[in-house]
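What the sequence shown shows, in our numbering, is residues 31 to 413, in sequence order.
Ideal Cβ placement from N, Cα and C applies to all residues, glycine included.
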Amino acid sequence: MMEPDGRGAWREMFARFERENPDIRVVMIEGPAATDTREDIYVNSLLAGSNDYDLVYADVIWIPKFAAAGWLEDLTDYWSPAQWDDFVPASLAGATVDGRIFRVPVQMNGGLLYYRRDELAEAGAEPPRTFADLVALSKNLAEPGRSWGYVWQGKQYEGLVCNYLEILTGFGGYWIDVESLSVGLDAPEAVRALAFLTDAVGTISPYGVTTYAEEESRLLFQSGGAVFLRNWPYVYKLLAAEKSPLFEQIGIAPMPSSEGGRPAATLGGAGFAIVKSSPSKDAAWRLIEFLSSMDTVRFLNDRIGLQPARISFYEQSSDPMQQSLYSVLRYTTARPALPQYAQASDILQRHLSAALTRQASPDAALRAAAQETRLLLGGGTSR
Numbered sequence: 031m032m033e034p035d036g037r038g039a040w041r042e043m044f045a046r047f048e049r050e051n052p053d054i055r056v057v058m059i060e061g062p063a064a065t066d067t068r069e070d071i072y073v074n075s076l077l078a079g080s081n082d083y084d085l086v087y088a089d090v091i092w093i094p095k096f097a098a099a100g101w102l103e104d105l106t107d108y109w110s111p112a113q114w115d116d117f118v119p120a121s122l123a124g125a126t127v128d129g130r131i132f133r134v135p136v137q138m139n140g141g142l143l144y145y146r147r148d149e150l151a152e153a154g155a156e157p158p159r160t161f162a163d164l165v166a167l168s169k170n171l172a173e174p175g176r177s178w179g180y181v182w183q184g185k186q187y188e189g190l191v192c193n194y195l196e197i198l199t200g201f202g203g204y205w206i207d208v209e210s211l212s213v214g215l216d217a218p219e220a221v222r223a224l225a226f227l228t229d230a231v232g233t234i235s236p237y238g239v240t241t242y243a244e245e246e247s248r249l250l251f252q253s254g255g256a257v258f259l260r261n262w263p264y265v266y267k268l269l270a271a272e273k274s275p276l277f278e279q280i281g282i283a284p285m286p287s288s289e290g291g292r293p294a295a296t297l298g299g300a301g302f303a304i305v306k307s308s309p310s311k312d313a314a315w316r317l318i319e320f321l322s323s324m325d326t327v328r329f330l331n332d333r334i335g336l337q338p339a340r341i342s343f344y345e346q347s348s349d350p351m352q353q354s355l356y357s358v359l360r361y362t363t364a365r366p367a368l369p370q371y372a373q374a375s376d377i378l379q380r381h382l383s384a385a386l387t388r389q390a391s392p393d394a395a396l397r398a399a400a401q402e403t404r405l406l407l408g409g410g411t412s413r
C-alpha cells in the first residue's frame, strides 16, 4: 500500500519492473494521503495475521513498533555492509533496531527553511541563523494585508511534532532520551521552544497556521503570501515542475537555532520493508532492489521530488541545489525510536495544539505532556 500516486510515477516504475521481471506481478493499493491513517490500516492487517501485504512502504517512525511486534523481515544480511554504506547514515539509522536493518530507505526528508531571496536581497539581509533573526526579518519584510513572515505546519498531526522537534532542538532541548527514557518536555528549553511557536501565531504567522499541514503552508508561500516557509524538500521540485513564477527567487537554508542550540531538521522519509510472514519474500526483495537502484531514485526525484537516501546520488549530482539539500539532510534529528512512539506522539500533539490554540499556557501544556509521557514509558524521569 502506497501514498496516493497523483502523477503516476510509482505505477510507471512498477510497470517497468514487471516488464523486466515477467514472472512477478506487482499489486499496488493507493492508500490515504495521511501517513497516520496508512499506518493504522497496515497495523490492523498485520494484527489480524492476514497476508494482504508482502511489502510495507514504511515511514521512518513505524520501524521500531513494527519490528518489535515481529512483523518485519530482518534485511541486514540481504546486502553486504558496503552496499548498506551507500545510504545516508541518518536514514539508515531510521531503518535499524538493535543493530539490525528492517527497511531499505528509498527517500529521506528533513525540515528546511525556504525563503524569498529577492526580498532578503532588497533588504540587504542574509537568511536567518537564529530565531531572533527569523522574528526580526519576518516583522520587517511582511506586508500587512498581503504577506506574512513565517508559515509552517501547526495542525494537530505528526507534522506538528516534526516542526516542534526542530524548534526544541534549536533551543538546546530534547523530547525523550531513548536510552534512559528520560523526558525533557518540562525543561526550560522545551517551554521556550513552544512559547516561540505560540508567540508566532497571529504576529509573524497567520492565525490559520494552527490548521495548516504541508500543502496549505506551501500554497500560501507559493502564492507570495509569506517570506519564510518551513517544509520538506519536495516543495523545491514541485515549484520547479509547476513553473512557479517565484521559483527563481526561492532559496533554502537550515532551520535557525538559538545561541545554545543547533540547527535541526527532523528526519523523515519512507522505504520498503518485507512482511515476515510473506510467502513471496524473494519476489519482494527483487522489487526492493529495483526501486532502490540509482536509476529509479533519480526518476522519482525528477518526477515527484523524492529526495534519495543514497549518498552516491549526491556525490554524482552537479546541481548546486542538491548539494544544499544534502548539507541539511546529512544532519537530521531523529524522532525517538520507541515501540510506543505513536502514543508518545499523540500525547505531544494534543498538548502542543492546546497551547497553540490558547487553551493552555506553554508551561502548563508541556508539564501535562511530560507527566503523560512518563506514565507511558513507565516512569522515566526528567533530566
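1. Near L195, what residues of its chain come up, given a Cβ to Cβ distance below 8 Å and the 5 sequence neighbours on each side ignored?
2. If you run the structure through DSSP and keep just helix, strand and coil, what is E156?
3. Would you report the Cα separation of Y187 and Q353, rounded to the nearest angstrom?
4. Would you report the Cα separation of D312 and Q401, rounded to the nearest angstrom?
5. May I ask which residues mark the beginning and end of the beta strand (DSSP E) holding Y356?
6. Starting from A374, follow the alpha helix (DSSP H) in both directions and report where the run begins and ends.
7. By Cβ distance, which residues of its chain are closer than 7 Å to R333, with the 5 residues on each side in sequence left out?
8. What ranges does the alpha helix (DSSP H) occupy inside the stretch 127 to 190, keeping only unbroken runs of at least 4 residues that lie completely in it?
9. Which partner residues of D89 appear in the DSSP bridge assignment?
10. Distance check for R397 and S412, CA to CA, integer angstroms please.
11. So P94 packs on P369, CB below 8 Å; how close in whole Å?
12. In this structure, how does DSSP classify A256 when only helix, strand and coil are distinguished?
13. Look at the alpha carbon of D89 and the alpha carbon of L336, and state the distance between them as a whole number of angstroms.
14. Would a C-beta distance cut-off of 9 Å place N261 and E278 closer than the cut-off?
15. Taking the continuous alpha helix (DSSP H) assigned at A314, which residues delimit it?
16. Give me, in chain order, the residues of the same chain whose beta-carbon lies closer than 6 Å to that of Q252; leave out the 5 immediate sequence neighbours on both sides.
17. Across the stretch 165 to 185 and the stretch 144 to 155, are there enough close Cβ pairs to call them in contact, namely three or more that are closer than 8 Å?
18. Helix, strand or coil: which one does DSSP assign to M32?
19. So the alpha helix (DSSP H) I71 belongs to, where does it begin and stop?
20. Which residues does DSSP pair with R340 in a beta bridge?
21. Does the Cβ of L249 lie closer than 8 Å to at least one heavy atom of the ligand GDP?
22. Could you round the C-beta distance between A256 and L250 to whole angstroms and report it? I think they count as a contact, below 8 Å.
23. Buried or exposed: where does T241 fall if 16 or more other Cβ atoms within 10 Å of its Cβ makes it buried?
24. For S412, name the three-state secondary structure that DSSP assigns.
25. Does the beta-carbon of S357 have 16 or more other beta-carbons within 10 angstroms, so that it is buried, or is it exposed?
So, to answer that:
1. For the purposes of this step, residue 195 is taken as residue 165 along the sequence shown, with counting starting at 1. So the qualifying residues of the chain are W205, A294, T296, T363, R365.
2. If you number the sequence shown from 1, residue 156 lands on position 126. Note: E156 maps to coil in three-state DSSP.
3. Position 157 of the sequence shown, counted from the first residue, corresponds to residue 187. Position 323 of the sequence shown, counted from the first residue, corresponds to residue 353. If I take the Cα positions, the gap works out to 30 Å.
4. Translated into positions along the sequence shown, residue 312 becomes position 282. Translated into positions along the sequence shown, residue 401 becomes position 371. Answer to the nearest angstrom: the Cα atoms are 46 Å apart.
5. Taking the first residue of the sequence shown as position 1, residue 356 is located at position 326. Premise fails: Y356 lies in the alpha helix (DSSP H), 350 to 359, not in any beta strand (DSSP E).
6. Counting from one through the sequence shown, the residue named residue 374 turns up at place 344. Run containing A374: 371 to 386, per the alpha helix (DSSP H) assignment.
7. Position 303 of the sequence shown, counting from 1, holds the residue named residue 333. If we look at R333 and ignore the five residues flanking it on each side, its Cβ neighbours are R37, A39.
8. 147 to 152, 161 to 171
9. Residue mapping note: residue 89 aligns to position 59 of the sequence shown, counting from 1. Paired residues: A300.
10. Locating residue 412 in the sequence shown gives position 382, where the first residue counts as 1. Locating residue 397 in the sequence shown gives position 367, where the first residue counts as 1. For S412, the pLDDT reaches just 48, beneath the cut-off of 50, and the residue's location in the model is therefore unreliable, leaving the point undetermined.
11. Position 64 of the sequence shown, counted from the start, is the residue given in the question as residue 94. Position 339 of the sequence shown, counted from the start, is the residue given in the question as residue 369. Correct: roughly 5 Å between the Cβ atoms.
12. Here the question's residue 256 lines up with position 226 in the sequence shown. In the three-state DSSP reduction, A256 falls in the strand class (E or B).
13. In the sequence shown, counting from the first residue as 1, residue 89 sits at position 59. In the sequence shown, counting from the first residue as 1, residue 336 sits at position 306. Using only the alpha carbons, I get a separation of about 13 Å.
14. Working through the sequence shown from its first residue, we reach residue 261 at position 231. Working through the sequence shown from its first residue, we reach residue 278 at position 248. No, they are not a contact pair.
15. As a position in the sequence shown, residue 314 is number 284, starting the count at 1. Run containing A314: 311 to 321, per the alpha helix (DSSP H) assignment.
16. The sequence position of residue 252 within the sequence shown is 222, counting from 1. Excluding positions up to five away in sequence, the list reads S274.
17. yes
18. Position 2 of the sequence shown holds residue 32. DSSP places M32 in strand when its eight states are reduced to three.
19. For this step, residue 71 is matched to residue 41 along the sequence shown. Where I71 is concerned, the enclosing alpha helix (DSSP H) stretches over 65 to 77.
20. Start at 1 with the first residue of the sequence shown, and residue 340 comes out as number 310. The partner list for R340 (beta bridge, DSSP) reads F117.
21. Ligands are entirely absent from the displayed structure, and the ligand GDP is therefore not among its contents.
22. Along the sequence shown, one-based indexing puts residue 256 at 226. Along the sequence shown, one-based indexing puts residue 250 at 220. Right, their Cβ atoms sit about 6 Å apart.
23. Taking the first residue of the sequence shown as position 1, residue 241 is located at position 211. T241 sits exposed, since fewer than 16 C-beta atoms from the chains shown fall within 10 Å of its C-beta.
24. Here the question's residue 412 lines up with position 382 in the sequence shown. With a pLDDT of 48 at S412, under the threshold of 50, the modelled position of that residue is not reliable, and the figure given next carries that caveat. Correct three-state label for S412: coil.
25. For the purposes of this step, residue 357 is identified with residue 327 of the sequence shown, where counting begins at 1. It is exposed - the Cβ of S357 has fewer than 16 other Cβ atoms within 10 Å.
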